[in-house]
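Step one of this worksheet: look at the structure below.
In my numbering, the protein residues as written are 75 to 418.
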């Protein structure tokens, strides 16, 4: 409950129009976990996402030594959900159907992937239908993403409102002025009125999937030996464009590059308000949430060996040629609060 209170600490700054006084780097000395947004501050927070989001973890250890370190680290931690944060490649399942309770038994499964340390290969291998049965979401989180920097309450409040098929928190660098992503459409936006956007890409660093969408894309990849072979040698390029094409177009036709590509992301009166009653029961395809930023340290520890580069090129060529993947970023739609009166 103290984390829930902390999440709404700075709502008065938004109410008074003083969002310029907010910074992800100096509140409480570090991080963005208490950074507010209009959605968090406008909606009733009777449901505590810190307690009601039930999470289990699968940690991928790149060596037996790292596996042992993780095992020792996990053994010293409590089972309270809000204490969980690991600097290792992580998959997370979110079960919204479980009744909230103060604590729950958290399953932490440590997997030694040293024999085949390719990221996407292990996603495909371990995030299977059997493993994800009973979960609503699966969250793939790289080791250089600081999960503890996320405002958990605000992030999942947005997820429950917009119901995206695939989504991510906007990224922010570890120091002031650093972006955390090469795509300007996926980084934190300083204007607090710009809540979210639909994009043709959700990056590999921390994508959150509805489980059925992930399994559908997994089946698609596994049905094409050309893609599996590219992934086996470390290819990653265009993989995170393909799943948005799947979510939006079911891999049919040509993926449309974001129509707002040439515009800076800015407050625009012709954009679509977030709370305009257009919520589809099917959910939106790929959404980035700008006002719940998460820290990306950009360690890039794996480097770019020739095989990995070749695998990425081959995967892009195949997806572009056969399924019309654009291989470019951009924006499809921006969600703002320009006509909405907050209920503070």
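Quick reminder that beta carbons are idealized off the backbone N, C-alpha and C, glycines included. Treat the numbers as computed from the prediction; the structure is a model and nothing was measured.
In the DSSP output, what is residue i paired with across the bridge?
i: residue 301; result: Answer by DSSP bridge pairing: none, since residue 301 is not bridged.
i: residue 85; result: For residue 85, which the question treats as bridged, DSSP gives no partner whatsoever.
i: residue 184; result: 133
i: residue 370; result: 219, 247
Roughly how many angstroms separate the alpha carbons of residue i and residue j, rounded to a whole number?
i: residue 81; j: residue 215; result: 22 Å
i: residue 47; j: residue 139; result: For residue 47 there is no data in the structure shown, the boundaries of the chain being 75 and 418.
i: residue 230; j: residue 123; result: 7 Å
i: residue 258; j: residue 110; result: 21 Å
i: residue 278; j: residue 134; result: 15 Å
i: residue 189; j: residue 386; result: 20 Å
i: residue 392; j: residue 242; result: 26 Å
i: residue 275; j: residue 89; result: 32 Å
i: residue 394; j: residue 327; result: 11 Å
i: residue 399; j: residue 365; result: 28 Å
i: residue 131; j: residue 318; result: 24 Å
i: residue 221; j: residue 371; result: 11 Å
i: residue 148; j: residue 184; result: 10 Å
i: residue 137; j: residue 186; result: 6 Å
i: residue 293; j: residue 84; result: 44 Å
i: residue 390; j: residue 308; result: 13 Å
i: residue 143; j: residue 179; result: 21 Å
i: residue 255; j: residue 247; result: 8 Å
Just to check my reading of the structure: residue i and residue j have Cβ atoms closer than 8 Å, yes? What is that Cβ distance to the nearest angstrom?
i: residue 362; j: residue 260; result: 5 Å
i: residue 281; j: residue 314; result: 7 Å
i: residue 270; j: residue 236; result: 7 Å
Is residue i near the ligand PLP, with its Cβ less than 7 Å from a heavy atom?
i: residue 79; result: In the structure on display, the ligand PLP does not appear, and there are no ligands present to speak of.
Let me confirm a value: residue i is counted as buried when at least 16 other C-beta atoms fall within 10 Å, else exposed. Which label applies?
i: residue 207; result: exposed
i: residue 321; result: buried
i: residue 273; result: buried
i: residue 239; result: buried
i: residue 245; result: buried
i: residue 192; result: buried
i: residue 352; result: Since pLDDT at residue 352 reaches only 37, below the 50 mark, its modelled position is unreliable, and no value is offered.
i: residue 146; result: exposed
(request) Could you pull out every unbroken alpha helix (DSSP H) segment of at least 4 residues lying fully inside the region 202-273, listed in chain order? (result) 203-206, 226-236
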